[in-house]
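So the sequence lines, in the order shown, correspond to chains A and B.
If you're matching positions, the first sequence starts at 1 in our numbering and goes up one per residue.
If you're matching positions, the second sequence starts at 1001 in our numbering and goes up one per residue.
In what follows, a structure is listed as structure tokens, so that the remarks can point back to it.
Number of protein chains: 2
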Amino acid sequence: MVIGKPVRDRRAERHEATKEEILDAAWDIARTEGLAAVSLRDIATRVGMRPPSLYTYFDSKLAIYDAMFAQGAQQFADAEPWDELTGDVRHDLALMFRTFIGFCAEDQARYQLLFQRTIPGFEPSPESFAISQASLGRVVEQLERYGVTDPRSIDLFTALGTGLASQQLSNEPGGDRWIRLIDDATEMYLHHMETTNQRATAKGRAAR
Amino acid sequence: MVIGKPVRDRRAERHEATKEEILDAAWDIARTEGLAAVSLRDIATRVGMRPPSLYTYFDSKLAIYDAMFAQGAQQFADAEPWDELTGDVRHDLALMFRTFIGFCAEDQARYQLLFQRTIPGFEPSPESFAISQASLGRVVEQLERYGVTDPRSIDLFTALGTGLASQQLSNEPGGDRWIRLIDDATEMYLHHMETTNQRATAKGRAAR
DNA sequence: CAGGTTTTCCTATCACCATTCGGACTTTAC
DNA sequence: GTAAAGTCCGAATGGTGATAGGAAAACCTG
Chain A
1 MVIGKPVRDR RAERHEATKE EILDAAWDIA RTEGLAAVSL RDIATRVGMR PPSLYTYFDS
61 KLAIYDAMFA QGAQQFADAE PWDELTGDVR HDLALMFRTF IGFCAEDQAR YQLLFQRTIP
121 GFEPSPESFA ISQASLGRVV EQLERYGVTD PRSIDLFTAL GTGLASQQLS NEPGGDRWIR
181 LIDDATEMYL HHMETTNQRA TAKGRAAR
Chain B
1001 MVIGKPVRDR RAERHEATKE EILDAAWDIA RTEGLAAVSL RDIATRVGMR PPSLYTYFDS
1061 KLAIYDAMFA QGAQQFADAE PWDELTGDVR HDLALMFRTF IGFCAEDQAR YQLLFQRTIP
1121 GFEPSPESFA ISQASLGRVV EQLERYGVTD PRSIDLFTAL GTGLASQQLS NEPGGDRWIR
1181 LIDDATEMYL HHMETTNQRA TAKGRAAR
């Protein structure tokens, strides 16, 4: 018989598992009732506890939001399509737009938590914020590989992305209307790249 | 001495004045503490009442939000620059973007109420919603005068507008960086118009 | 001006919310 | 076995929006 892990780890493991369970319940409520409707009572009910017991795992309700933010930011990082880039600017730009907007549309509550700052007292902690910033940084790096170095052009890219996302979210899901909208946006931004930047060409091979 | 209005009107007038006073207090709180931090208690304190007395003027807290929404939508309609259009597409598009973004940046709480749907149970009433829709309709009409009739191109326009707005809101106010960003966006959208639509020309005289 | 009616505003109360405190009970460490 | 650490709960606090019922004021009508 193999010697098990030190007992101390078992306890820490269970602690982490319970935290996950709490966050899962919180996400569940956020997705069905809305992000702002998440209450400690409801969370506690779902995990079979009383509200004060949650404070064993999180310092406050805002700390729960922060942990959710960190999870969402990590999912955002995992969703980025770095391994699907081909080096064709047109293809890659459309893919980046589509990935970002698809990610936003996938979960309205997550989108609201990550990209709209709307929960009254909530500000992501520096650690959580760093996760989301790293993802955006990788996007900027990718843009720079295509010759987009002007800050204004980068702003324009993110503005287009967030605009498309909010546009998509206010429409009914499904349908391919928004996919063609993204293609239009890609085409439009490509021309902007070609007229304002030097190295950008429609057939550049700058990927990775 | 002129015969005054019937006394009944005096009472109705005062009722309306008090409603205005309540809404002013609500806006004040929304701008300083945040839209979600508006509480009946704070409103009541500012207007010198007890919280239940507010129910004489509004059916619920959400009704107050709805009245604020209607006010904001009306301000949006009033802000539209129809009398400053010149007929030059480049100038007019930039002006429309700038007006919209300026309006959004002017008051974060108003922007959040009008364009981000983030208050838990709040949905604007049909009457209030109609006010905001009418403004957007006039923008679409204006676009059509420039030959933009494709729904996707219209979506692209609004996406660009909302994206620029959220971009502007997340940056520090002041500075002319965002003005030049708008010029870039205008230039970019102009090219999109020229390549996808027929009648659009950089010097069209379609205004009003 | 006297009557009843409507409007306004209040106190008291309820249900729900996040949070704190202190204690009981279980698990782990030595 | 005993001390320490971790877990969970009941009770209580102060905040929220909302309702009920009553007192006072304003108003309209005879």
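By construction, the Cβ of each residue, glycine as well, lies at the ideal position given by its N, Cα and C atoms.
Cβ-Cβ distances below 8 Å link residue 1050 of chain B to 1044 in the same chain, with the five nearest sequence neighbours on each side left out; the list follows chain order.
Here DSSP, grouped into helix, strand and coil, assigns residue 43 of chain A to helix. Counting C-beta pairs closer than 8 Å gives three or more between the region 84–101 of chain A and the region 143–163 of chain A, which meets the contact rule.
Taking a 10 Å sphere around the C-beta of residue 11 of chain A, we find fewer than 16 other C-beta atoms and assign the residue as exposed. Residue environment analysis places residue 189 of chain A among the buried positions, since at least 16 neighbouring C-beta atoms fall within 10 angstroms of its C-beta.
Pairing residue 124 of chain A with residue 62 of chain A, the inter-Cα distance amounts to about 9 Å. For a cut-off of 8 Å, the C-beta gap from residue 1107 of chain B to residue 1031 of chain B is around 7 Å, short enough to register as a contact.
Against chain B, a Cβ distance below 7 Å from residue 34 of chain A picks out 1120. Among the residues of chain A, those whose CB is under 8 Å from the CB of residue 1188 of chain B are 156, 188, 189, 191 and 192, following chain order.
Rounded to the nearest whole angstrom, the C-alpha separation of residue 1171 of chain B and residue 1096 of chain B is 20 Å. The C-beta of residue 1138 of chain B comes no closer than 8 Å to any C-beta of chain A. Minimum Cα-Cα distance from residue 58 of chain A among the listed residues A:85, A:84 and A:16 corresponds to A:16. Judged by beta-carbon spacing, residue 186 of chain A lies within the 8 Å limit of residue 93 of chain A, meaning their Cβ atoms are closer than that value.
By the rule that beta-carbons nearer than 8 Å mark a contact, residue 166 of chain A touches chain B. Just so you know, the alpha carbons of residue 134 of chain A and residue 1047 of chain B end up roughly 47 Å apart.
When the beta-carbon positions are compared, residue 1119 of chain B and residue 1025 of chain B stay at least 8 Å from each other. For the C-beta of residue 116 of chain A, the chain B residues within less than 9 Å are, from N- to C-terminus, 1112, 1116, 1118 and 1166. Residue 1072 of chain B counts as buried, since no fewer than 16 other beta carbons sit within 10 angstroms of its beta carbon.
Burial check for residue 66 of chain A: the Cβ neighbour count within 10 Å reaches 16 or more, so the residue is buried.
If you draw a straight line from the Cα of residue 69 of chain A to the Cα of residue 129 of chain A, it comes to about 8 Å. For secondary structure counted as the alpha helix (DSSP H) over 4 or more consecutive residues, the region 34–106 of chain A holds these complete runs in sequence order: 40–47, 61–79 and 89–106.
For residue 180 of chain A, the closest Cβ of chain B is nearer than 8 Å. At a cut-off of 8 Å between beta-carbon atoms, residue 175 of chain A makes no contact with chain B.
A direct Cα-to-Cα measurement between residue 1145 of chain B and residue 184 of chain A gives close to 21 Å. Restricting attention to B:1167, B:1193 and B:1169, the CA atom closest to the CA of residue 1155 of chain B is found in B:1193. With a 10 Å radius around the Cβ and a threshold of 16 neighbouring Cβ atoms, residue 111 of chain A comes out buried. Judged by DSSP in its simplified three-state form, residue 1183 of chain B adopts helix. Across the structure, residue 34 of chain A and residue 1088 of chain B are spaced so that their CA atoms are roughly 45 Å apart. For residue 160 of chain A, the C-beta contacts it makes with chain B under 8 Å involve 1159, 1160 and 1163, in order along the chain. Per DSSP, the unbroken alpha helix (DSSP H) holding residue 1139 of chain B starts and ends at 1126–1145. For residue 118 of chain A, there is no enclosing alpha helix (DSSP H), as DSSP gives it neither H nor E.
Residues of chain B with a Cβ closer than 9 Å to the Cβ of residue 107 of chain A do not exist; the shortest Cβ-Cβ separation is about 15 Å. Closer than 8 Å to the CB of residue 152 of chain A there is at least one CB belonging to chain B. Here residue 1032 of chain B carries a helix assignment [DSSP, helix/strand/coil]. The beta carbon of residue 1077 of chain B lies closer than 6 Å to those of 1135 in the same chain, with the five residues before and after it left out. With a threshold of 8 Å between beta carbons, residue 184 of chain A makes contact with chain B.
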